[in-house]
Amino acid sequence: MKPTRRIAPLLLLLAALLLASAALNGCQKAAESNEPVTLRIGTPNLFTFEYGYRDYFDAAFPGWTLELLEYPDDSGSYSDAEWAQWLETQKPDLMLMSVFEYRKLADAGRLRDLETYAGQNGMELGRFNPAVLEYLRGNAQGKLFALSPTFSTTALYYNQDLFDRLDIPYPTDDMTWKDTLELAGRFMRDNRLEQDEFGLHVKWIGTPFDLMKEISYTEGLEYVNSRSGELTIDTEGWRGVFRMVVDAYAEGTFRPQNVEGETIDGTVYYGPEAVAQTELFAKGMAAMTVDGDDLMRKLKTSDPGFRWGVVAGPVRAGDATRAGWFGTGLVFAIPSASSHPGEAWEAIDYLHSERMGKASVVINGELLSLTDDPVWRGDEDYRVFYRKLPANSLPSEVEADVPTSFYEPFDELVDRGVRKVLRGEATVEAMLAGLQREGEGLMRKARLEASDSGGATHQGAQ
1 MKPTRRIAPL LLLLAALLLA SAALNGCQKA AESNEPVTLR IGTPNLFTFE
51 YGYRDYFDAA FPGWTLELLE YPDDSGSYSD AEWAQWLETQ KPDLMLMSVF
101 EYRKLADAGR LRDLETYAGQ NGMELGRFNP AVLEYLRGNA QGKLFALSPT
151 FSTTALYYNQ DLFDRLDIPY PTDDMTWKDT LELAGRFMRD NRLEQDEFGL
201 HVKWIGTPFD LMKEISYTEG LEYVNSRSGE LTIDTEGWRG VFRMVVDAYA
251 EGTFRPQNVE GETIDGTVYY GPEAVAQTEL FAKGMAAMTV DGDDLMRKLK
301 TSDPGFRWGV VAGPVRAGDA TRAGWFGTGL VFAIPSASSH PGEAWEAIDY
351 LHSERMGKAS VVINGELLSL TDDPVWRGDE DYRVFYRKLP ANSLPSEVEA
401 DVPTSFYEPF DELVDRGVRK VLRGEATVEA MLAGLQREGE GLMRKARLEA
451 SDSGGATHQG AQ
């Protein structure tokens with residue numbers, strides 16, 4: 001069935017308002033020139049553009065003809081040569097894509113530097129969240145080849161009522177994971193805490209290794225090297241993370257939560273009831289959680305029944321400017337071979353304008369890359385998401401791809417090792433040396449099986 005391109009009556013009204021505003025502010029250069037414009041736009045699929053952007057383009061550029069070019073289904077594994085051929089034959093003027101495709105094309109030098117256009121056309125990059133700009137400059141050339149209207153990141157939420165009940169001081173900005181776990185431990189050691197309450201609960205953390213991986217994002221650690229594809233878990237950085245988490249489990253500071261999903265054809269699916277089980281903080285059962293901006297929207301739109309607060313963190317140990325997980329939405333870029341780079345830039349400029357931003361916070365609620373977002377919302381609570389630089393980098397292509405069959409056995413190997421340490425049967429140092437040795441064996445086996453069967457690979461791991 002062809003996807004509908006009309007989102008909702010409210011968006012229709014928004015489109016009309018944007019069109020009127022565009023006309024009043026003289027932003028429709030293409031329409032004013034009376035020259036027909038046909039813009040060829042690359043998109044992951046038709047639905048993504050039609051649902052997310054078509055109405056905006058129609059409102060701002062009613063005289064433009066848009067030709068949508070879907071990326072091939074296997075484009076995620078395209079080599080540079082394959083992308084070069086696609087670009088040559090399809091000739092897109094503007095591209096909407098994920099950060100994975102962006103990184104490949106940026107590293108290969110197939111996109112135009114948007115800072116040049118911004119400088120020539122009066123776009124103030126200083127109005128953007130510095131984290132967004134740093135993240136998107138994280139390519140081989142260190143240049144800004146794309147922009148994204150939105151981003152997402154995490155922060156540390158806390159239940160004020162639970163803290164007050166036990167007379168424990170609230171969390172503060174710039175707490176590390178070690179600080180956070182120590183604060184959670186004060187709750188778990190307090191006999192006034194109810195049996196079903198948690199000091200710290202993080203959704204979908206079911207094993208010690210799950211928590212370690214969560215911390216590794218903040219600390220900038222990888223257990224598989226993103227370039228070589230080799231196992232790198234027996235390092236000083238990982239030793240610190242393992243000691244921290246093992247101690248937290250041994251002291252009862254952190255309790256995991258295992259949520260049962262439904263397995264269909266080897267894939268685990270979680271329905272609404274399973275997802276609801278993970279919402280312990282929103283139910284008032286956890287003193288703290290680390291979660292994204294979507295939790296703030298949920299807490300603000302439906303009264304959770306308790307007072308809550310939020311601070312920036314947990315931060316990286318040794319560098320308090322970096323915190324949490326970070327990512328942008330789909331990005332817009334202009335390919336080097338664009339036949340209409342001026343019009344493509346005009347579209348990008350419009351999508352990142354104040355006019356568009358003020359409308360977007362009303363419609364979809366996502367965090368805007370422009371730092372005026374909290375002002376336009378009339379809610380400074382959202383400022384917390386603009387205080388830190390990314391702890392993680394723009395994802396890179398793994399040169400030696402890691403078979404997907406490696407991960408589950410390795411996770412099980414780690415969990416067995418942690419249980420041995422908790423029982424006093426091994427030290428953290430001995431366990432990590434064993435994980436490195438046995439993990440390398442699992443990697444060799446997985447690669448051999450993938451080579452024999454043409455099996456799937458996974459690009460990158462943390």
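Just so you know, we're using the UniProt record's numbering here: the sequence shown kicks off at 1 and counts up by one.
Every residue, glycine too, gets a C-beta built ideally from N, C-alpha and C.
This structure is a prediction, so every number in the text was calculated from the model and none was measured.
Review point. What's the gap between the Cα of G199 and the Cα of Y102?
Key: 40 Å
Check your understanding: Quick one: is V268 buried, meaning 16 or more other Cβ sit within 10 Å of its Cβ, or exposed?
Key -> exposed
Check your understanding: Is it true that the CB of L39 sits closer than 8 Å to the CB of L94?
Key -> yes
**Study point:** Residues that DSSP places opposite V290 in a beta bridge
**Key:** L156
Exercise for review: Note down, in chain order, each residue of its chain lying with its Cβ closer than 7 Å to the Cβ of E70, except the 5 sequence neighbours on either side.
Suggested key: T43, N45 and L46
Review point. To which residues does DSSP link L68 through a beta bridge?
Key: I41
Exercise for review: Identify which residue in K388, R307 and D80 has its Cα closest to the Cα of K104.
Suggested key: D80
Practice item. Classify W238 as helix, strand or coil using the three-state DSSP reduction. Key: helix
**Study point:** One or two residues paired with E230 in a DSSP bridge
**Key:** The partner list for E230 (beta bridge, DSSP) is empty, contrary to what the question assumes.
Practice item. Would you mind reading off the limits of the beta strand (DSSP E) that contains G309? Key: W308 to V311
Check your understanding: CB R322 to CB P390, shorter than 8 Å?
Key -> yes
Practice item. Please classify E197: does DSSP put it in a helix, a strand, or coil? Key: coil
Check your understanding: If you run the structure through DSSP and keep just helix, strand and coil, what is V224?
Key -> strand
Point to revise | Option in E115, W308 and E438 with minimal Cα separation from E124 | key: E115
Point to revise | Sequence-distant residues of the same chain with beta carbon closer than 8 Å to R112, five excluded per side | key: F145, A333, I334, P335, S336, S338 and P341
Practice item. Assuming G305 contacts T218 (C-beta within less than 8 Å), just tell me the rounded distance between them. Key: The pair is not a contact, with the Cβ atoms about 30 Å apart (cut-off 8 Å).
Exercise for review: For V259, name the three-state secondary structure that DSSP assigns.
Suggested key: coil
Exercise for review: Please report the residue range of the beta strand (DSSP E) in which R322 lies.
Suggested key: D319 to A323
Exercise for review: Return the bridge partner residues of L96 from the DSSP annotation.
Suggested key: F332
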